[in-house]
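Q:
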Amino acid sequence: MRHIFILLGLMSAPMLSNASELPPVDAVIHYTTTETTEEGVVKTLSYQDRWIRDGQTIWSERLIPAGVRAEAEHNEHNEMQAPHDHFNYQTSAQWLTRNADGSLTLNYVDPVHKAIVYYPPGEYGQASFVPDWTLHAHIFKPAALQKMTRLNKPAPAGATWYQQETKDTELTLLWSDTLQIPLSLEKKAKNGFHQYRMQIEPVQQAAASRPWLALAKYEKKEVSDFLD
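Residues -19 to -1, 1 to 209 (mature numbering (1 follows the signal peptide of the UniProt record, and there is no 0)) are what the sequence shown spells out, left to right.
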């Protein structure tokens, strides 16, 4: 999730977003990257994130298989009870909040050590974080749609297909006007060597399941606690 934000953030000019007008969304995002070598070998990487947008809060969490998560937790606790050099933001949940003045508060929630790790603006680069609320709230900037061609092809209710071509690449996107996020995005090289796909699957979750409401016992830290 973190890397696609960087890619898509370069595709449009800034656009103001009023998060109060955006409906809450709880979704699973499926990412797939395919590389084909000159020898015809196809390499595929895939992973999933849980993504939540609710008011002024966005939560993005890697979905790690239970067995892998349990083994990682076991190994970490064997090494030390409190995190230091072992903090990994990529396996921690990203908890982003927009404040009343428009500023952002970035935390990463470490489920292994039960810690909330705060990243001040000066440390955003440590997590390759782009401080752009519109980008994070919509996943793909709505302003970029103005540069794309609207396709006349069947789409789910409240959604529209768009496409954009360059000399070397083709981008196809299914945009939900209802949810104000893409439901599908595919970017591929015309030479066939590279393909990137993102599928967003909204799911029904009770509001009480919001994970940031269950952090009362988590220890609060700052990323500087882990830096030499």
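Note that the Cβ used here is the ideal one computed from N, Cα and C, for glycine as well.
Among the residues of its own chain, which have a CB less than 6 Å from the CB of Ile39, if the five just before and after it don't count?
A: So the list reads Leu77, His117, once near-sequence residues are dropped.
Q: To test your reading of the DSSP string, which unbroken alpha helix (DSSP H) runs of 4 or more residues are found completely within the stretch 11 to 45?
A: If we require 4 residues or more, the stretch 11 to 45 turns out to have no alpha helix (DSSP H) run fully inside it.
Q: Contact between the stretch 129 to 145 and the stretch 81 to 90 is defined here as three or more beta-carbon pairs at a separation below 8 Å; is this criterion met?
A: With a cut-off of 8 Å, the stretch 81 to 90 and the stretch 129 to 145 do not count as touching, because too few Cβ pairs lie within range.
Q: Would you please state the rounded distance, in angstroms, between the beta carbons of Pro4 and Leu160? I believe it to be under 8 Å.
A: Going by Cβ atoms, the distance from Pro4 to Leu160 rounds to 6 Å, so yes, they are a contact pair.
Q: Along the chain, where does the alpha helix (DSSP H) containing Trp114 start, and where does it finish?
A: Element bounds for Trp114: 114 to 119.
Q: Express the C-alpha separation of Gln29 and Thr15 in angstroms, rounding to a whole number.
A: Their Cα atoms are separated by approximately 15 Å.
Q: Look at the alpha carbon of Thr72 and the alpha carbon of Glu203, and state the distance between them as a whole number of angstroms.
A: Rounded to the nearest angstrom, the two C-alpha atoms are 17 Å apart.
Q: For the beta strand (DSSP E) containing Lys201, list its first residue and its last residue.
A: 200 to 203 is the span of the beta strand (DSSP E), which, as asked, contains Lys201.
Q: Which partner residues does Thr150 have in the DSSP bridge list?
A: In DSSP, Thr150 forms a bridge with Ala170.
Q: Could you check whether Ala8 and Trp32 sit closer than 8 Å to each other, using their CB atoms as the reference points?
A: Result yes, Cβ atoms of Trp32 and Ala8 sit closer than 8 Å.
Q: Going by DSSP in three states, Ala197 sits in which element: helix, strand or coil?
A: It is coil, neither helix nor strand.
Q: Starting from the Cα of Leu126, find the closest Cα among Arg178, Trp156, Asp113 and give me that residue.
A: Taking only the C-alpha atoms, the option nearest Leu126 is Trp156.
Q: Among Leu166, Gly139, Asp158, Ile162, whose alpha-carbon lies nearest the alpha-carbon of Leu152?
A: With distances taken between Cα atoms, Leu152 lies closest to Leu166.
Q: Judging by CA-CA distance, which residue of Thr147, Gln107, Tyr70, Phe110 is the nearest neighbour of His94?
A: Nearest option by C-alpha distance: Tyr70.
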